[in-house]
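**Student:** With the numbering used here, the residue at position 64 of the sequence shown is 69, and numbering never jumps.
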Amino acid sequence: MLTCMDETASDDYLHQRYGKSQKARRPWLIPALIVLVVGGGWLIWSANHYSKPEVSTDLISFSVANPKEVSLRYFINVRTASRSHQCILTASDYQANIVGQITDTIPAGGHNYTRRIVIPTRTAAVSATIEHCS
Numbered sequence: 006m007l008t009c010m011d012e013t014a015s016d017d018y019l020h021q022r023y024g025k026s027q028k029a030r031r032p033w034l035i036p037a038l039i040v041l042v043v044g045g046g047w048l049i050w051s052a053n054h055y056s057k058p059e060v061s062t063d064l065i066s067f068s069v070a071n072p073k074e075v076s077l078r079y080f081i082n083v084r085t086a087s088r089s090h091q092c093i094l095t096a097s098d099y100q101a102n103i104v105g106q107i108t109d110t111i112p113a114g115g116h117n118y119t120r121r122i123v124i125p126t127r128t129a130a131v132s133a134t135i136e137h138c139s
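#1: With a cut-off of 8 Å, do at least 3 Cβ pairs link the stretch 45-57 to the stretch 66-76?
#2: Within a Cβ cutoff of 6 Å, which residues of the same chain sit near Asn117, ignoring the five residues on either side of it in sequence?
#3: Can you tell me where the alpha helix (DSSP H) holding Val42 begins and where it ends?
#4: Would you kindly work out how many angstroms separate the C-alpha atoms of Met6 and Ser15, rounded to a whole number?
#5: Which residues bound the beta strand (DSSP E) around Pro125?
#6: How about Ile122 and Leu94: do their beta carbons lie closer than 7 Å?
#7: Taking the straight line between their C-alpha atoms, what separation do you get for Arg31 and Val40?
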């Protein structure tokens, strides 16, 4: 025959029979919080640090004035204004061969520059690009 037991008697019975704990234990909580704080802090730092590169460039325009030169206009933004920076600019022909290359040195002292550079070429060029700035 089934009898109705009160709640405390039921908890005592379950604890005696199955080893049911009176309070919930969460041994994973403290390591999870540590990982959350350290990992979250690192994610915030890395997103902030790597979203602002040391040197960023944008190609504004280029024009082929004659078969022996290409005029290139570009914008450069530098984070560290206390040192000079260099950009490698190239001109290519219709088969993507490099037909002209020049290194443009940006002087120290500012953060934003708009530069207009003429790249001498050995044959007719159809394109100009910014290869690398450092």
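Each residue gets a CB set at the ideal place from its N, CA and C atoms; glycine is no exception.
If you're wondering where the values come from, they're calculated on a predicted model, not measured in any experiment.
**Tutor:** Per the coordinate set shown:
#1: no
#2: Along the sequence shown, one-based indexing puts residue 117 at 112. If we look at Asn117 and ignore the five residues flanking it on each side, its Cβ neighbours are Asn82.
#3: Position 37 of the sequence shown, counting from 1, holds the residue named residue 42. Residues Leu34 to Tyr55.
#4: As a working mapping, residue 6 is identified with position 1 in the sequence shown. As a working mapping, residue 15 is identified with position 10 in the sequence shown. Note that Met6 scores 45 on pLDDT, short of 50, meaning its location in the model is unreliable; the coordinates nonetheless yield the value given after this. So the two alpha carbons sit approximately 16 Å from each other.
#5: Stepping through the sequence shown from its first residue, residue 125 is reached at position 120. Annotation for Pro125: the continuous beta strand (DSSP E) segment containing it runs Asn117 to Pro125.
#6: Residue numbering aside, residue 122 sits at position 117 when the sequence shown is read from its first letter. Residue numbering aside, residue 94 sits at position 89 when the sequence shown is read from its first letter. Cβ distance < 7 Å, so Ile122 and Leu94 count as in contact.
#7: Here residue 31 refers to the residue found at position 26 when the sequence shown is read from its first residue. Here residue 40 refers to the residue found at position 35 when the sequence shown is read from its first residue. Cα to Cα, Arg31 sits roughly 15 Å from Val40.
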